[in-house]
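**Q** Structure provided below as structure tokens; questions to follow.
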Amino acid sequence: MAKESFNWKSLFVNDDTTTEKKDIPEPAVVKDIENKFPDQQQEYFAEPSLVNPFLTDILAVYDKGFESLNSQGFDFFELYKSVMAVGVTNPQSYQMAFTMGKTINPNLTKDFLLEKARFYIAEIEKVHSKFDSDGKSKRSTLDTNLSSQKQDLSKSIADLETKMLQLQKEIALKKAELLKVDEGTREQYSEIQLKIEANNTAKTKILESINTVVTGVNQYL
1402 MAKESFNWKS
1412 LFVNDDTTTE
1422 KKDIPEPAVV
1432 KDIENKFPDQ
1442 QQEYFAEPSL
1452 VNPFLTDILA
1462 VYDKGFESLN
1472 SQGFDFFELY
1482 KSVMAVGVTN
1492 PQSYQMAFTM
1502 GKTINPNLTK
1512 DFLLEKARFY
1522 IAEIEKVHSK
1532 FDSDGKSKRS
1542 TLDTNLSSQK
1552 QDLSKSIADL
1562 ETKMLQLQKE
1572 IALKKAELLK
1582 VDEGTREQYS
1592 EIQLKIEANN
1602 TAKTKILESI
1612 NTVVTGVNQY
1622 L
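Written out as structure tokens, the structure reads:
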């Protein structure tokens, strides 16, 4: 990972702790204190999975941060690196690392190593806690936004369903009115039709009778 603009040591170590090892005389073994820690948390908050695509990058961040906490001389960090390289289950790896540390710092003790281990653990826990809090805050914000969107959409759907039900009721009423219109005009329609037929029949009958008389006039007069 590329170096960032924020130093882990400045993030983790207070001013009154940076001189912690000054009272221990030891040869100068200069560590690379330019290891950086990002000043902004990366977006590393995917849901846990069997294969987490962010795990490698985050481990690299913690490794760099762990290294940047180390100061000059031999302490738990150097022992940790040595033991990890040789084998954490090999008792000789601890003895070899401790012996090497003694050559660098004759005053090296088990208690000092454990004290420094607790220091590293505590500082890494601080960073984890901060990043965990940031991640959960982002997740909470996302959950809130998602819940709000779902609520708005659910309300819109409910409103549309209400309107749809109202429209269905109105359609049913209009259909009922349409049936009533047919029923209401059927009698009138039948009456008119009968009158038309009666008019035709009456005309035929009267004309027949007139024509009969006309025929009689012509025949008998």
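Residue numbers (this note's numbering): 1402 to 1622.
Beta carbons: idealized from backbone N, C-alpha and C, even for Gly.
If you're wondering where the values come from, they're calculated on a predicted model, not measured in any experiment.
1. For a quick check, are the C-beta atoms of K1511 and F1477 less than 8 Å apart?
2. To test your reading of the DSSP string, which unbroken alpha helix (DSSP H) runs of 4 or more residues are found completely within the stretch 1475 to 1551?
3. Look up F1455 in the DSSP assignment and say whether it is helix, strand or coil.
4. Quick one: using the 10 Å Cβ neighbour count with 16 as the cut-off for buried, is F1467 buried or exposed?
5. Put L1622 into one of helix, strand or coil per three-state DSSP.
6. Express the C-alpha separation of D1560 and D1553 in angstroms, rounding to a whole number.
7. How close, in whole Å, do the beta carbons of A1498 and S1483 come, if the pair is a contact with beta carbons under 8 Å?
8. Please confirm whether L1515 and L1480 have their CB atoms less than 8 Å apart.
9. Take the Cβ of N1546 as the centre, count every other Cβ of all protein chains shown within 10 Å, and call the residue buried at 16 or more, exposed below.
10. In angstroms with no decimal places, state the Cα-to-Cα distance between T1586 and I1597.
11. Run the CB neighbour count on S1541, radius 10 Å, all protein chains shown included, and call it buried at 16 or more, exposed below.
**A** To lay it out plainly:
1. Taking the sequence shown and counting its residues from 1, the one referred to as residue 1511 is at position 110. Taking the sequence shown and counting its residues from 1, the one referred to as residue 1477 is at position 76. The answer is no: Cβ separation not under 8 Å.
2. 1477 to 1487, 1492 to 1505
3. If you number the sequence shown from 1, residue 1455 lands on position 54. Here F1455 sits in coil by DSSP.
4. Taking the sequence shown and counting its residues from 1, one reaches residue 1467 at position 66. Under this definition F1467 is a buried residue.
5. On the sequence shown, residue 1622 is found 221 positions in, with the first residue counted as 1. Looking at L1622 - three-state DSSP - the assignment turns out to be coil, as it is neither helix nor strand.
6. Stepping through the sequence shown from its first residue, residue 1553 is reached at position 152. Stepping through the sequence shown from its first residue, residue 1560 is reached at position 159. Looking at the two C-alpha atoms, the distance is approximately 10 Å.
7. Stepping through the sequence shown from its first residue, residue 1498 is reached at position 97. Stepping through the sequence shown from its first residue, residue 1483 is reached at position 82. Contact flag correct, Cβ pair sits at about 4 Å.
8. For this step, residue 1515 is matched to residue 114 along the sequence shown. For this step, residue 1480 is matched to residue 79 along the sequence shown. No, they are not a contact pair.
9. Against the sequence shown, residue 1546 aligns to sequence position 145. Classification of N1546: exposed, given that the 10 Å Cβ count is below 16.
10. As a first step, residue 1586 must be located in the sequence shown, where it is residue number 185. As a first step, residue 1597 must be located in the sequence shown, where it is residue number 196. So the alpha carbons of these two residues sit roughly 16 Å apart.
11. Position 140 of the sequence shown, counting from 1, holds the residue named residue 1541. Residue burial annotation: S1541 is exposed, with fewer than 16 other C-beta atoms found within 10 angstroms of its C-beta.
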